[in-house]
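Everything on this sheet refers to the single structure shown next.
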């Protein structure tokens with residue numbers, strides 16, 4: 002063995018023992034008189050080593066920080082203890098010091114213990130140094146513990162962990178696929194799975210009862226603060242002979258203990274059954290299908306109330322209001338908040354407030370005050386008190402809702418007393434629209450998951466086909482789990498009947514032949530008799546981000562990509578040789594410069 006103990010292990014009861022420690026040379030501090038203190042760090046902690054001989058001091062002074070060394074010596078009680086450090090009662094007086102792995106650089110890209118203050122590109126390029134920071138490493142350690150806890154919980158619920166293929170067929174599931182060319186089949190490609198969606202449903206059709214895995218998912222999509230580009234992991238699960246209530250029961254049993262045991266907010270977590278909010282209500286009350294329930298503000302529809310007030314942007318539009326009591330924001334702060342809403346939504350917001358005299362003032366106040374009766378009605382219907390602020394949005398219904406939703410979120414954070422921040426507020430959003438109109442295509446398309454069962458089953462689809470029901474009014478048996486304004490999981494009761502599946506796809510312009518061609522395995526399997534089944538997939542990366550209180554998801558991933566989906570440490574994506582391209586029958590028509 003190279004070591005007898007680790008650097009976070011020794012205590013006062015070890016005094017007098019001869020030990021060997023290994024780790025990184027974190028710091029060397031000379032105090033005069035030929036004495037110096039060396040801080041040795043490993044995965045477990047730090048230990049102080051006292052250098053009291055000229056030979057040892059000279060040996061260490063010749064080393065750069067972050068060199069790995071082995072120290073053999075005697076444990077003794079410190080004369081000046083450090084109560085903030087677990088090993089702060091002891092120190093090592095060495096008799097032998099051996100260099101294991103020499104750091105060849107006099108200067109580091111950043112100070113290890115302050116790496117989080119460094120430039121992001123430097124942190125990612127030297128991620129192996131960044132991870133030496135105990136605070137950075139701590140997130141990865143917690144992630145490991147959480148994944149283990151999730152596995153245990155799912156097994157206790159009777160689920161089997163089954164891995165599904167990484168190389169599969171491309172399918173239209175929303176995001177862009179990562180494609181892998183086939184050497185043996187020129188002109189054909191594998192795809193990395195955006196999710197194990199089809200495989201887990203095929204497992205249910207195969208006779209398995211409960212499946213789960215910590216599944217890697219690959220999507221060629223842009224990064225966000227809460228979304229890592231390229232790949233992510235989810236707790237994928239599916240249940241046979243089950244519906245929405247069965248999935249809810251499992252998730253509500255599995256996740257709250259994880260939040261309690263590992264979350265920064267400890268015991269302050271919603272207990273099951275979680276609040277359930279229909280999609281349409283969520284958009285009306287919160288302006289979002291990912292509402293942050295830590296904020297106590299609700300959106301009000303004031304279209305009828307204010308449409309005739311004479312303010313131009315309100316005319317012919319839906320008008321939404323976000324009333325906030327006890328708001329002491331200055332005019333400058335209100336303008337700044339309005340500007341931030343516009344940055345996030347590309348839509349303007351408007352405002353007025355009730356001053357200390359109980360009069361409507363500021364913003365669009367003159368349009369309301371022009372009609373004394375309207376003025377009193379506004380105060381009454383919005384239950385305004387002196388100090389209340391009202392922020393407004395106007396436009397088509399969906400636009401007005403979403404703009405008000407962003408305003409609600411910003412106001413909740415900006416106005417004291419309206420956001421109980423240190424808790425985990427979980428809820429289910431249910432009954433999503435089955436279909437929507439595509440922003441780019443202008444055509445009818447699936448709104449969420451194409452394999453979901455519609456409420457009303459085949460009859461609802463037939464009514465839509467006959468023109469008796471607007472497809473946009475069809476609700477799907479789909480649900481999202483939301484926590485603190487983040488989508489934590491998506492799931493659905495699955496469309497396991499091939500006739501209903503084909504009919505659902507026909508409404509978006511795909512024939513039975515198209516369905517067979519795009520989803521051959523699932524279509525054929527369901528034709529052999531499939532059970533009703535349902536599932537969900539909480540995101541592991543996002544869960545860890547919430548548990549740690551981090552703002553950016555890259556802080557909980559061991560080796561994250563940058564915002565441009567580049568691994569600057571490994572140099573990926575990278576060019577490959579002409580020989581490799583020829584072997585795959587691929588020609589590069591456009592090459593990126595400078596990377």
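Numbering (this note's numbering), first residue to last: 2 to 596.
Think of the CB as a built atom: it goes at the ideal place given N, C-alpha and C, for glycine as much as any other residue.
Give a yes or no on whether the minimum CB-CB distance between residue 14 and chain B is below 7 Å. Considering every chain present, this structure includes no chain B. It has just one protein chain.
Grouping DSSP H, G and I as helix and E and B as strand, with all else coil, what is residue 302? Residue 302 carries a strand assignment under DSSP once its states are collapsed to helix, strand and coil.
Three or more beta-carbon pairs under 8 Å between the region 192–200 and the region 542–555, yes or no? No, they do not touch.
Collapsed DSSP secondary structure at residue 183 in the structure displayed: Here residue 183 sits in coil by DSSP.
In this structure, what does DSSP give as the bridge partners for residue 231? The partner list for residue 231 (beta bridge, DSSP) reads 220.
Which listed residue (252, 72, 315) has its alpha carbon closest to that of residue 398: Among 252, 72, 315, the Cα nearest to that of residue 398 belongs to 315.
By how many angstroms is the C-alpha of residue 165 removed from the C-alpha of residue 313? Using only the alpha carbons, I get a separation of about 57 Å.
Local Cβ density within 10 Å of residue 591, reported as buried at 16 or more and exposed below that: Exposed.
Sort out for me which residues DSSP pairs residue 349 with in a bridge. Paired residue(s): none; residue 349 is not in a bridge.
Alpha-carbon spacing of residue 3 relative to residue 81, whole angstroms: Residue 3 and residue 81: Cα-Cα distance of roughly 29 Å.
What did DSSP end up calling residue 439 once you bin it into helix, strand or coil? Residue 439 falls in the coil class under three-state DSSP.
Residue 322 and residue 301 closer than 7 Å at C-beta: For residue 322 and residue 301, yes; Cβs fall inside 7 Å.
What do you get for residue 479, buried or exposed, if any count of 16 or more other CB atoms within 10 angstroms of its CB means buried? With 16 or more Cβ atoms within 10 Å of its Cβ, residue 479 is classed as buried.
Within the region 263–350, ranges of the beta strand (DSSP E) (whole runs, at least 3 residues): Taking only runs of at least 3 residues, the beta strand (DSSP E) segments lying wholly in the region 263–350 are 276–279, 319–325.
Got a sec, what are the start and stop residues for the alpha helix (DSSP H) residue 140 sits in? 135–157 is the extent of the alpha helix (DSSP H) around residue 140.
Status (buried if at least 16 other CB within 10 Å, exposed otherwise) for residue 49: By the 16-neighbour rule on beta-carbons within 10 angstroms, residue 49 is buried.
When DSSP builds the beta bridges, which residues end up paired with residue 476? Per DSSP, 434.
7 Å Cβ shell around residue 40 - same chain, five flanking residues per side excluded: Hits under 7 Å: 27, 28, 47, 49.
Spatial neighbours of residue 181 within its chain, please: CB distance less than 8 Å, with the 5 preceding and 5 following residues excluded, ordered by chain position. Counting only Cβ-Cβ distances below 8 Å, and skipping sequence neighbours, we find 168, 190, 191, 192, 193.
Is the distance from the Cβ of residue 102 to the Cβ of residue 45 below 7 Å? For residue 102 and residue 45, no; Cβs fall outside 7 Å.
For residue 40, write down the residues that DSSP places opposite it in a beta bridge. 28, 49, per the DSSP bridge assignment.
Chain-order list of residues whose beta-carbon lies under 8 Å from that of residue 582 (same chain, five-residue window excluded): These residues qualify, in order along the chain: 588, 589.
Just checking, does the region 224–237 make contact with the region 563–581 on the three C-beta pairs under 8 Å criterion? Three or more pairs of CB atoms, one per stretch, sit closer than 8 Å, so the region 224–237 contacts the region 563–581.
Relative to the C-alpha of residue 495, which candidate in 483, 513, 489, 531 has its C-alpha closest? Checking every option, the nearest Cα to that of residue 495 belongs to 531.
Burial state of residue 325 (16 or more Cβ within 10 Å): Answer is buried; the Cβ neighbour count reaches 16.
Within the continuous beta strand (DSSP E) that includes residue 583, where are the two ends? Where residue 583 is concerned, there is no enclosing beta strand (DSSP E), although the alpha helix (DSSP H) it sits in stretches over 579–584.
Based on the DSSP secondary-structure assignment, which residues constitute the bridge partners of residue 412? Paired residue(s): none; residue 412 is not in a bridge.
Alpha-carbon spacing of residue 422 relative to residue 203, whole angstroms: Each residue's Cα considered, the two are about 41 Å apart.
Among the residues of its own chain, which have a CB less than 7 Å from the CB of residue 580, if the five just before and after it don't count? Nothing meets the Cβ criterion.
As assigned by DSSP and simplified to three states, the class of residue 559: Residue 559 falls in the coil class under three-state DSSP.
Other residues of its chain near residue 501: CB distance less than 8 Å, five sequence neighbours each side excluded: If we look at residue 501 and ignore the five residues flanking it on each side, its Cβ neighbours are 454, 455, 458, 459, 462.
Tell me residue 237's beta-bridge partners as DSSP assigns them. DSSP output for residue 237 lists 214 as bridge partner(s).
Considering only their Cβ atoms, is the gap separating residue 409 from residue 264 smaller than 7 Å? Between residue 264 and residue 409, the gap from beta carbon to beta carbon reaches 7 Å or more.
Counting along the chain, where does the beta strand (DSSP E) carrying residue 191 start and finish? From DSSP, the beta strand (DSSP E) with residue 191 extends over 190–193.
Just the C-alpha distance for residue 586 and residue 62, rounded to the nearest angstrom, thanks. Each residue's Cα considered, the two are about 57 Å apart.
Should the region 385–400 be called in touch with the region 338–357, which here means at least 3 C-beta pairs below 8 Å? The region 385–400, when compared against the region 338–357, does touch it at the 8 Å Cβ threshold.
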